[in-house]
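Read the structure below first, then the notes.
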DNA sequence: CCATTTTAGTTTCGTTTGAAACTGTTGCAA
DNA sequence: TTGCAACAGTTTCAAACGAAACTAAAATGG
């Protein structure tokens with residue numbers, strides 16, 4: 001099956017007199033497809049562990065990176081989970097409330113708090129990891145071995161490129177307000 | 001480069017006495033990777049049209065499906081954009097405020113409102129589509145022709161499977177509360 | 001040293017979201 | 001017909017979010 005490149009020249013099917021502009025079909029538009037897929041997957045998984053353990057995605061991510069028993073600072077967690085520090089801060093305070101995490105002020109640098117999972121959280125980790133991996137397998141079961149390798153490659157390449165484009169400063173001369181029609 | 005299947009048996013690197021459970025590295029975990037990638041892409045793109053036209057993602061999606069000049073109901077928009085009806089309802093009311101959309105009560109069924117883009121919105125469509133397609137191309141430029149075809153296939157397969165798993169009723173006997181650990 | 005800047009993390013504020021309740025309309029059935 | 005279930009869309013309310021302001025503790029450097 002060829003990729004069916006979207007036609008750049010066909011006008012929208014309506015007979016309106018609009019200029020002959022490239023059509024865009026949401027269902028073939030990569031950002032849309034990624035968004036829908038990621039949403040479906042995350043949502044399904046989140047419901048699984050919300051139901052079972054009462055934790056949210058940010059909390060799960062923190063458990064995931066600390067699950068080895070390591071200790072690290074909030075900033076380091078933020079980096080490793082790709083969440084921003086506000087999100088991490090909030091998740092941590094929830095986890096303190098539910099006794100999932102332990103915070104001790106750093107000795108040498110009292111700005112950095114050292115965070116460690118409690119045994120309760122480690123127990124959750126032990127249960128949740130197999131669940132998560134099982135779900136991941138169920139999804140990737142839709143693919144052949146080759147395709148899984150392809151997926152790995154593609155996601156890496158796309159992420160690298162997306163990061164690069166995100167870092168690029170916004171094209172100048174684009175403002176919303178003074179759009180004098 | 002082989003896909004480097006995650007080791008199922010190696011214990012976490014820490015020397016703690018935890019049971020020997022499968023490790024999970026977030027950076028190799030599909031739901032996480034999808035979520036981060038989709039987020040990066042959507043965010044970058046959203047900033048682009050937020051800056052240029054002052055519209056949000058839901059609004060952009062509505063413009064995208066109505067861009068051909070067609071008329072449809074809110075429910076149909078919801079289906080086609082994979083947004084839920086609340087989101088659609090809110091986006092529409094914003095678009096009514098900014099004169100991007102036109103709503104007329106259906107004649108035969110007064111529950112269904114017929115929605116059409118205004119010329120102002122069609123003008124935005126004409127400008128935004130090339131921007132969106134350009135961005136998409138910039139991202140997919142990271143891939144070879146073959147890889148683009150692969151991506152198309154993979155996303156379709158994964159979405160189909162994810163939908164299937166999402167529809168499946170939650171596994172019974174999983175409750176958060178009575179975790180008498 | 002003291003003043004300034006940088007870093008780590010938290011708080012605040014306004015917005016966005018999602019689930020559930022609600023309003024109005026139509027279709028169906030006694 | 002009226003009475004009730006199903007449907008289309010909106011509103012409400014509480015939780016979640018992001019940006020920016022803020023606090024506190026190091027690092028820098030005159």
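Residue numbers (the UniProt record's numbering), protein chains in the order written: chain B, 1 to 181; chain R, 1 to 181.
Don't be surprised by glycine CBs; every beta carbon is placed ideally from N, CA and C.
For residue i and residue j, what's the separation of their Cα atoms in angstroms?
i: residue 214 of chain R; j: residue 99 of chain R; result: Only positions 1 to 181 of chain R appear in the structure, and residue 214 of chain R is not among them; the question remains open.
i: residue 55 of chain R; j: residue 163 of chain R; result: 29 Å
i: residue 159 of chain R; j: residue 127 of chain B; result: 26 Å
i: residue 66 of chain B; j: residue 129 of chain B; result: 12 Å
i: residue 63 of chain B; j: residue 117 of chain B; result: 7 Å
i: residue 95 of chain R; j: residue 29 of chain B; result: 22 Å
i: residue 61 of chain B; j: residue 53 of chain B; result: 13 Å
i: residue 108 of chain R; j: residue 85 of chain R; result: 21 Å
i: residue 140 of chain R; j: residue 165 of chain B; result: 11 Å
i: residue 73 of chain R; j: residue 103 of chain R; result: 9 Å
i: residue 37 of chain R; j: residue 168 of chain R; result: 26 Å
i: residue 87 of chain R; j: residue 101 of chain R; result: 15 Å
i: residue 143 of chain B; j: residue 26 of chain R; result: 20 Å
i: residue 59 of chain B; j: residue 39 of chain R; result: 18 Å
i: residue 106 of chain B; j: residue 68 of chain B; result: 20 Å
i: residue 57 of chain R; j: residue 91 of chain R; result: 9 Å
Mind listing the chain B neighbours of residue i? Cutoff is C-beta to C-beta under 7 Å, in chain order.
i: residue 93 of chain R; result: Chain B residues near residue 93 of chain R: none, gap ~19 Å exceeds 7 Å.
i: residue 185 of chain R; result: Only positions 1 to 181 of chain R appear in this structure, which leaves residue 185 of chain R out of reach.
Given that residue i touches chain B, what residues does it touch there, using C-beta distances under 9 Å?
i: residue 35 of chain R; result: 38, 39, 41, 42, 57, 82
For residue i, which three-state DSSP category applies?
i: residue 134 of chain R; result: helix
i: residue 40 of chain R; result: helix
i: residue 156 of chain B; result: helix
i: residue 71 of chain R; result: coil
i: residue 101 of chain B; result: strand
i: residue 82 of chain R; result: coil
i: residue 143 of chain B; result: coil
i: residue 23 of chain R; result: coil
i: residue 174 of chain R; result: Residue placement at residue 174 of chain R is poorly supported in this model, since its pLDDT is 44, which falls under 50; the coordinates are not used for a value here.
Using the beta-carbon of each residue, which ones in chain R are nearer than 8 Å to residue i?
i: residue 61 of chain B; result: 26, 32
i: residue 154 of chain B; result: 143, 147, 150, 151, 154
i: residue 166 of chain B; result: 40, 43, 44
i: residue 136 of chain B; result: 29, 30, 31
i: residue 159 of chain B; result: 33, 36, 37, 40
Report the neighbours of residue i on chain R: residues whose CB is nearer than 9 Å to its CB, in chain order.
i: residue 129 of chain B; result: 21, 22, 23, 24
i: residue 106 of chain B; result: Neighbours of residue 106 of chain B on chain R: none; closest Cβ ~19 Å, over 9 Å.
i: residue 75 of chain B; result: Near residue 75 of chain B there are no residues of chain R at all, since even the closest Cβ is about 16 Å away, more than 9 Å.
Can you find a heavy atom of the ligand SAM that lies under 7 Å from the Cβ of residue i?
i: residue 51 of chain B; result: Ligands displayed in this structure: none; no statement on the ligand SAM is therefore possible.
If the cut is a Cβ gap below 7 Å, which residues of chain R does residue i touch?
i: residue 85 of chain B; result: Going along chain R, no residue has its Cβ under 7 Å from residue 85 of chain B, so there is no contact; the nearest lies around 16 Å.
i: residue 182 of chain B; result: A question about residue 182 of chain B goes unanswered here, because the residues of chain B that appear run from 1 up to 181.
So residue i contacts chain B; which residues on that side make the cut at Cβ distance below 8 Å?
i: residue 163 of chain R; result: 40
message = Below 8 Å, how does it come out for the segment 74-94 of chain B and the segment 142-159 of chain B: are there three or more Cβ pairs, yes or no?
response = Too few Cβ pairs lie closer than 8 Å, so no.
ask   = So does the segment 34-49 of chain R actually touch the segment 132-144 of chain R, counting three or more Cβ pairs closer than 8 Å?
value = For the pair of segments examined, the segment 34-49 of chain R was found to touch the segment 132-144 of chain R: the number of CB pairs separated by less than 8 Å reaches three.
request  = Decide if the segment 113-131 of chain R is in contact with the segment 24-35 of chain R; the criterion is three or more beta carbon pairs, one per stretch, under 8 Å apart.
outcome  = Because the criterion of three Cβ pairs below 8 Å is not met, the segment 113-131 of chain R and the segment 24-35 of chain R do not touch.
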